[in-house]
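S.K.:
In UniProt numbering, the protein residues as written are 1 to 629.
#1: Go ahead and pull the three-state DSSP assignment for residue 534.
#2: Looking at the unbroken alpha helix (DSSP H) that takes in residue 481, where does it start and where does it end?
#3: Who are the near neighbours of residue 225 in its chain, counting only those whose CB is closer than 7 Å to its CB and skipping five residues on each side?
#4: With DSSP as the reference, please indicate the residues paired to residue 528 in a beta bridge.
#5: Specify the secondary structure class of residue 453 as computed by DSSP and reduced to three states.
#6: Alpha carbon to alpha carbon, what distance is there between residue 474 and residue 499?
#7: Which whole-angstrom value is the C-beta distance of residue 706 and residue 313, which I expect to be below 8 Å?
#8: Provide the residue span of the alpha helix (DSSP H) that contains residue 275, from first to last.
#9: For a test of the three-state rule: what should DSSP assign to residue 244, helix, strand or coil?
#10: Within this structure, are the beta carbons of residue 599 and residue 558 separated by less than 8 Å?
#11: For residue 403, which three-state DSSP category applies?
#12: Taking C-beta to C-beta, are residue 220 and residue 231 nearer than 8 Å?
#13: Applying the criterion that 16 or more other CB atoms from any shown protein chain within 10 Å of the CB defines a buried residue, is residue 570 buried or exposed?
#14: Under the rule that 16 or more other beta-carbon atoms within 10 Å means buried, what is residue 528, buried or exposed?
#15: Does any residue of chain D bring its CB to less than 8 Å from the CB of residue 244?
#16: Can you check which of these residues, 107, 597, 202, is closest to residue 71 by C-alpha distance?
#17: Tell me whether residue 467 is buried or exposed, calling it buried when 16 or more other Cβ atoms sit within 10 Å of its Cβ.
#18: Relative to the C-alpha of residue 284, which candidate in 295, 308, 264 has its C-alpha closest?
#19: In chain order, what residues of the same chain have a beta carbon less than 6 Å from the beta carbon of residue 250, not counting five sequence neighbours either side?
#20: Express the C-alpha separation of residue 345 and residue 299 in angstroms, rounding to a whole number.
#21: Who are residue 290's beta bridge partners in DSSP?
#22: Among 158, 139, 198, 178, which residue has its Cα nearest to the Cα of residue 169?
#23: What did DSSP end up calling residue 218 once you bin it into helix, strand or coil?
#24: Starting from the C-beta of residue 75, find all residues in its chain whose C-beta is less than 8 Å away, skip the five residues before and the five after it, and write them out in chain order.
#25: Determine the direct distance from the alpha carbon of residue 175 to that of residue 50, and round the result to whole angstroms.
#26: To which residues does DSSP link residue 408 through a beta bridge?
#27: Can you tell me where the beta strand (DSSP E) with residue 463 in it begins and where it stops?
#28: Would you decide whether residue 228 is buried or exposed? Buried here means 16 or more other CB atoms lie within 10 Å of its CB.
#29: Residues in the same chain with beta-carbon distance under 8 Å from residue 510, minus the five sequence neighbours each way, listed in chain order, please.
#30: Please work out which residues of its chain come closer than 6 Å, Cβ to Cβ, to residue 255, disregarding the five sequence neighbours upstream and downstream, and give them in chain order.
#31: Using the DSSP secondary-structure output, state which residues sit across from residue 100 in a beta bridge.
#32: For the region 75-154, list the beta strand (DSSP E) runs that are entirely contained and at least 3 residues long, ordered along the chain.
#33: Tell me which residue opens and which closes the beta strand (DSSP E) that residue 362 is part of.
#34: Going by beta-carbon coordinates alone, are residue 110 and residue 128 separated by less than 8 Å?
#35: Report buried or exposed for residue 591, applying the criterion of at least 16 other Cβ atoms within 10 angstroms of its Cβ.
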């Protein structure tokens, strides 16, 4: 009874929705058609009334005194012309009239076939006693006048256009269309709207019925294996009356390689065979679900079975091929969690991720993993703050000078991204750059930084630099954006792009193309953090860059590690010979500075000179720096 009532309720709701939608569509169609028809009618009436003057001639209304102004023969010629014109336009009448001695008289008029049969043809100077107030007022108007009217000839929409003859006499040209024609067109529009609505309603019902049928068949089942899917798991957790359950999430490590080598149908066969084997080994003590392409979930009601679940996964013989045609072996890593079902999936995923990272077969979720979970939540929080910062203009550029030790002046400013949070704290790059990179927001960060700095320095002679990532350089849309912006920037040669060495070498050909593009616009390019990655100066030279910046971890050791000193001294000598800039960052004290000078480095940057500051630089001069050179 309840099931039938529910169906009946849905039927009533659907029918009511259809009626409301139909009414709305009919009303919209009526209004839309009405507006279109009336606009077209108004334009047609206006054109027709204007044409009457041209048909009659400019001097037709000059010096009219009475009915003897024009012969009956000449009048009928004009009347015939007006009638043919009216019929071609689909109008009822076109005419002209004048006001004399307080009376309205026709000076010309078309006629219809019915008028001929009933002998109602209007002749020159015939009185028009049915003239309305609007009709009479039109003689004193300076613009066209529309009205709806009724007379012995029918119900019309009418236009009157006032003209003045050479003798000063005001006359009107007019045109009529019958209301019946308009009503007929509007009725046809409403009927068409109803028919169209009903047609699409029944099509929608048919499509919905087919869709619901297909969804019911596929919802909750993985079509490739026949096992329940993640939707079925969600329903199980929601409907299971037990609050505490045990779950294992199994990661099939090799499935992506299998899919890419043999194709996804073979990968699906592997998963189906693997899940079938797990069901056989567990003797159906656990429900098995395919969560995604390479993930399986097992869930049980008994918490004390957690050891059995671990044993089940452990005893799975990895030395036996899952498939024999072709021969395919797989390896598994699993995460097991138990407890509150609301947290079960999340905790099991964390344990599985830990197992995959540590290359263990099984990892149980424990309290020690709360730190990992907290890190996930922190990453989500930071990602939200970054998005809000981008949307609310809370990205703030900080500036740190690069000093030239030859003239003790600022060579350029490095522009560093900071984010101002809503509690007015400043997020450092270490707080958000990883999240930006993982969230693929590098391009947005670069666009915002570049636009702010370009606007700030556009009218100055200050040289400045910003950092770019591999994602930036591999993004065609960002390359187009930078190309357009550089065309508008007055001094592109004042701009430097800093690229990470490891990312530049790892994507050599794409990065080389990007460097060639921006250098053609006048921009300088330097390799950042040199010495941390590949550290192959030959590769750097092939990129055709303008300079390199030594990694801060190397610079900090130069005063205490002689090998580092020799390395930097060699790089300084080499860059001087090949005319490359060499910048040392992370200069924190005078000892480091003096050792860098001894090694031949002449461009330096670090807290010893100035911390990054939100205060925009005004000029390129600072106080002299004390060195021993």
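Virtual Cβ for every residue (Gly too), placed ideally from N, Cα, C.
M.R.: Here's the rundown:
#1: Per-residue confidence for residue 534 stands at a pLDDT of 49, beneath the threshold of 50, marking its modelled position as unreliable; the derived number appears in the next sentence. Correct three-state label for residue 534: coil.
#2: 476-488
#3: 268, 271, 272, 275, 290
#4: 500
#5: helix
#6: 12 Å
#7: The displayed coordinates of the chain run from 1 to 629. Any statement about residue 706 would go beyond what the structure contains.
#8: 264-282
#9: strand
#10: yes
#11: strand
#12: yes
#13: exposed
#14: buried
#15: Within the model displayed, chain D is absent; a lone protein chain is all it includes.
#16: 107
#17: buried
#18: 308
#19: 296, 332, 334
#20: 10 Å
#21: 229, 296
#22: 139
#23: helix
#24: 108, 123, 124
#25: 9 Å
#26: In DSSP, residue 408 forms no bridge with anything.
#27: Neither: residue 463 is in no beta strand (DSSP E) and is coded neither H nor E.
#28: buried
#29: 473, 474
#30: 267, 294
#31: 103
#32: 93-100, 103-109, 145-151
#33: 362-364
#34: no
#35: exposed
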